[in-house]
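Residue numbers (full-length UniProt numbering), protein chains in the order written: chain A, 1 to 174; chain B, 1 to 174.
We put the CB at the ideal spot given by N, CA and C, even for glycine.
Every value quoted in this text rests on a predicted model; they were computed, and no experiment measured them.
Number of protein chains: 2
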Amino acid sequence: MADETHWLSPEESAAWVRLIAVAELLPGALDAQLLRDAGLTHFEYVALMALADAPDRTMRMTELASRTNATLPRLSHVARRLEERGLIRRFPCPEDRRATNATITEAGLELMADAAPGHVGTVRANVFDALTAEQLEQLYVIAGAVLAKLDPDERLSATSCQFSEGPVVRTLAS
Amino acid sequence: MADETHWLSPEESAAWVRLIAVAELLPGALDAQLLRDAGLTHFEYVALMALADAPDRTMRMTELASRTNATLPRLSHVARRLEERGLIRRFPCPEDRRATNATITEAGLELMADAAPGHVGTVRANVFDALTAEQLEQLYVIAGAVLAKLDPDERLSATSCQFSEGPVVRTLAS
DNA sequence: GCGCATTGGTTGACGCGACAACTGAATTGG
DNA sequence: CCAATTCAGTTGTCGCGTCAACCAATGCGC
């Protein structure tokens, strides 16, 4: 009968419910908009963005999987589909012939350039429009603290989400 | 060439990357622990918790679906599996014979009582242990603001995640 | 050099969630 | 009242992600 569990306080419980709700709804909202407007999953979008932002717009599968928090099989399936759509290309890595390199194609870059504004729009509409500058800073710190627990190796924090005028846009503007 | 898109500022971009990473990793961490220790998805856990906390431990499918942010087909599938495992029971609603009521069984309550401490443990380990009291309050406010955008009808905020000594525990202790 | 474990990646089977189609009950309109 | 619509829920099919098995190339021990 001795219950040693350290239950959540009412404040923690309330915050937890909201956090879970956000974690549940946010991916769905992002997927919905991207699928509707660009035929891309949010995961596909992130993967393409990572490629677009990589040196030579090329990355090894394993590296890409790590940066996008995907298992290798998952990435392999996604890559096959993206390749069939002509958005990326895969070719064996010269230095290590076990490895495969993935490159985003011109078509892929164009799709990203088309998709980015709409995506940024929903990000704003669903998140940042609701926050003050102060809260933005707090969110950054809090999410960082939680990430330190969830992702101690910081594999994901390397993810580049180029939303200002970055390599993607520059590449197309050249 | 006129690019009217309101891109994210560097601060917003940084916060976004972290938020996305949390939204990506948190569900996985919850599912992993619950599946390992109780054979339950986090979604199943939430659904069972909602039932356990409902009057008469009973709820209509539609109501339950709404509270858990599930489509009706999804809930129907989950309910079938949970029923096959003897964790819930379904029976036609007397008042409206179109409707179906779901009740959590004794076995279901026991499973929840067994699973709850471990779940609370991972919630603490991954989130609240990393936050100060101040940040807890900020998280509550920020998540609330975002939820107002994502879930204007506040369907999810009604979700009860009974983590202190609530009906579930009391039911078993009686 | 030669076994042998390790690494990088792909493939196939299975499970879960989304979507569409369907059944049966309740409600509404005339 | 009866027809038409709407509502509650289930079922089937499809797509995506996971897991396990597999293949090929590399490194490593000796």
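Do you know how far the Cα of residue j is from the Cα of residue i?
i	j	result
B/G144	A/R18	6 Å
A/I20	A/P27	12 Å
B/D129	B/T62	36 Å
A/T71	A/V78	11 Å
A/E12	B/L136	7 Å
B/L147	B/E134	20 Å
A/M49	B/W16	14 Å
A/G86	B/E4	28 Å
B/L25	A/D151	8 Å
A/V22	B/D153	14 Å
Does the beta carbon of residue i sit closer than 7 Å to a beta carbon anywhere in chain A?
i	result
B/P55	no
B/R170	Any reading at B/R170 needs caution, since the residue's pLDDT is 42, under 50, leaving its predicted position unreliable; the model's value is listed next. Taking Cβ atoms only, chain A never reaches closer than 7 Å to B/R170, which makes this a no.
B/F91	no
B/L26	yes
B/L75	no
Report all residues from its chain with a CB closer than 8 Å to the CB of residue i; omit the five preceding and five following residues, and keep chain order.
i	result
A/L51	R57, T58, M59, L64, I88, A102, T103, I104, G108
A/A115	L34, D37, A38, L40, Y45
A/F91	T100, N101, T103
B/P117	none
A/R170	Because the pLDDT of A/R170 is 42, which lies under 50, any placement of that residue in the model is unreliable, and the number read from its coordinates should be weighed accordingly. Taken in chain order, the list of residues that qualify is empty.
B/L82	E44, A47, L48, I88, G108
A/V141	none
B/R97	none
B/S66	R155
Enumerate in chain order the residues of its own chain whose CB-to-CB distance from residue i is below 7 Å, with the five nearest sequence positions on each side excluded.
i	result
B/L131	L139
A/L30	H42, T122
In terms of residue numbering, what span does the beta strand (DSSP E) encompassing residue i cover?
i	result
A/P92	88-92
A/A130	No beta strand (DSSP E) contains A/A130, which DSSP labels as neither H nor E.
B/T100	100-104
Where do the N-terminal and C-terminal ends of the alpha helix (DSSP H) with residue i fall, by residue?
i	result
B/A15	10-38
A/T62	61-67
B/D53	42-53
A/R74	72-84
Give a yes or no on whether the minimum CB-CB distance between residue i and chain B is below 7 Å.
i	result
A/A47	no
A/L35	no
A/D153	no
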